[in-house]
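Chemist: Heads up: the sequence shown at position 114 corresponds to 114 in UniProt numbering, and the numbers run straight through without jumps. Using N, Cα and C, we set each Cβ at its ideal position, and we do this for glycine too. Source: prediction; values computed, not measured. Below is a structure I'd like to ask you about.
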Amino acid sequence: MGDNPPSSNLESAMQMLIKTFHKYSGKEGDKYTLSRGELKELLLEELGTYLGNSRDNEAVEKVMNDLDANNDGEVDFTEFIILMGALTVACNDFFLEFKSDDKPKEESKGHSAEKKN
Ligand SMILES: [Ca+2]
Ligand SMILES: [Ca+2]
1 MGDNPPSSNL ESAMQMLIKT FHKYSGKEGD KYTLSRGELK ELLLEELGTY LGNSRDNEAV
61 EKVMNDLDAN NDGEVDFTEF IILMGALTVA CNDFFLEFKS DDKPKEESKG HSAEKKN
């Protein structure tokens, strides 16, 4: 096996995406696409935190319908990667928002400072 250790976090993240997809896509039907059942399993097992424990089928159905761009009832790797991209963008937005909210106000505790100049 060509198991070269990834040389960067980004490369290992890409490998994880590919591995994770195939871990679920190979369970039933077409080996290279996710059926509704496979997608649901992947979402619940791997993305439960981000998707807010969406146990209800409606949320999964919605993701499925959004993702299945060519309407063949299966999610292929390209369609999956679009979901991951969208989720990553959402995380980044959250991160930026958090950062700006968390920004300490300058000089807010500088009351007692008596500078002689
Ligand atoms: Ca499959
Ligand atoms: Ca599709």
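Work out the CA separation of MET16 and THR33 for me, nearest whole Å.
Modeler: Taking the sequence shown and counting its residues from 1, the one referred to as residue 33 is at position 33. Taking the sequence shown and counting its residues from 1, the one referred to as residue 16 is at position 16. Each residue's Cα considered, the two are about 16 Å apart.
Chemist: So the candidates are ASP66, GLU38, VAL89 and ALA90; which of them puts its Cα closest to the Cα of LYS79?
Modeler: As a working note, residue 79 is residue 79 in the sequence shown. Per the sequence shown, the amino acid found at residue 79 is Glu instead of Lys. Of ASP66, GLU38, VAL89 and ALA90, the residue nearest in Cα terms is ASP66.
Chemist: Nearest to VAL75 by CA position, among THR88, THR49 and GLU61, is which residue?
Modeler: Locating residue 75 in the sequence shown gives position 75, counting from the first residue. Ranking THR88, THR49 and GLU61 by Cα distance to VAL75 puts GLU61 first.
Chemist: Only counting the same chain, and skipping five residues up and downstream in sequence, which positions put a Cβ closer than 7 Å to that of GLU38?
Modeler: In the sequence shown, residue 38 corresponds to position 38, counting from 1. Cβ within range, chain order: TYR24, SER25, LYS27 and GLU28.
Chemist: Just checking my contact of GLU46 with THR20 at CB under 8 Å: how many whole Å lie between their CB atoms?
Modeler: Looking up residue 46 in the sequence shown gives position 46. Looking up residue 20 in the sequence shown gives position 20. Right, the Cβ-Cβ distance comes to about 6 Å (below 8 Å), so this counts as a contact.
Chemist: With distances taken from CA atoms, which of LYS99, LEU96, CYS91 and SER35 is nearest PHE77?
Modeler: Position 77 of the sequence shown, counted from the first residue, corresponds to residue 77. Of LYS99, LEU96, CYS91 and SER35, the residue nearest in Cα terms is SER35.
Chemist: In angstroms, rounded to a whole number, what distance separates the CA positions of ALA59 and GLU97?
Modeler: On the sequence shown, residue 59 is found 59 positions in, with the first residue counted as 1. On the sequence shown, residue 97 is found 97 positions in, with the first residue counted as 1. Using only the alpha carbons, I get a separation of about 25 Å.
Chemist: I need the straight-line Cα distance from PHE95 to SER7, nearest angstrom please.
Modeler: The residue you call residue 95 lines up with position 95 of the sequence shown. The residue you call residue 7 lines up with position 7 of the sequence shown. C-alpha separation (whole angstroms): 26 Å.
Chemist: Check whether the Cβ atoms of LEU83 and VAL63 sit closer than 8 Å, and answer yes or no.
Modeler: Residue 83 sits at position 83 when you count from the first residue of the sequence shown. Residue 63 sits at position 63 when you count from the first residue of the sequence shown. Yes; because the gap between Cβ atoms is below 8 Å, this pair is in contact.
Chemist: Cα separation between CYS91 and THR49?
Modeler: Counted from its first residue, the sequence shown places residue 91 at position 91. Counted from its first residue, the sequence shown places residue 49 at position 49. Taking the straight line joining both Cα atoms gives about 12 Å.
Chemist: Within its chain, find whatever has a CB closer than 8 Å to the CB of GLY73; leave out the 5 residues flanking it on each side and keep chain order.
Modeler: In the sequence shown, residue 73 corresponds to position 73, counting from 1. These residues qualify, in order along the chain: SER35 and ARG36.
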